[in-house]
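Participant: Numbering follows the working numbering, in which position 7 of the sequence shown is assigned residue number 10; successive positions increment by one, without gaps.
Each residue gets a CB set at the ideal place from its N, CA and C atoms; glycine is no exception.
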Amino acid sequence: MPLTKPNQQLHRGLREAAVLFKWSRIDLMKLAVRLSEAGNEEVAWELLKIGSNFSDSEDLLTAFAEEVKAGRIVRGKVE
């Protein structure tokens with residue numbers, strides 16, 4: 004059964020948010036490498052930890068998007 008328009012929007016929004024986390028994580032990793040090369044290992048390590056949290060959030064949002072696509076999560080009317 005195809006998704007309703009609100010569910011399509013929800014699915015798309017979740018996927019876009021997951022991609023944003025992915026690219027933000029990549030940017031943080033690049034910055035961490037530059038900081039490490041400049042001798043700022045402590046700050047670089049903190050950025051890597053933040054990036055790890057982004058990865059977890061990316062996976063969670065992707066899983067939610069797949070549940071919307073499968074019909075297990077449905078967007079209802081706002082009352």
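#1: Take glutamine 12 and list the residues in its own chain whose beta-carbon comes closer than 8 Å to its own, dropping the five residues that flank it on each side.
#2: With a CB to CB cut of under 6 Å and the five nearest residues on each side skipped, what residues in its chain are close to leucine 38?
#3: Do the CB positions of glutamate 61 and phenylalanine 24 come within less than 8 Å of each other?
#4: If you reduce the DSSP assignment to three classes, tell me which class glycine 16 lands in.
#5: Would you report the Cα separation of serine 27 and glycine 16, rounded to the nearest angstrom?
Facilitator: Straight from the coordinates:
#1: Arg78
#2: Closer than 6 Å at the Cβ level, and outside the excluded window around leucine 38, lie Val46 and Ala47.
#3: yes
#4: helix
#5: 16 Å
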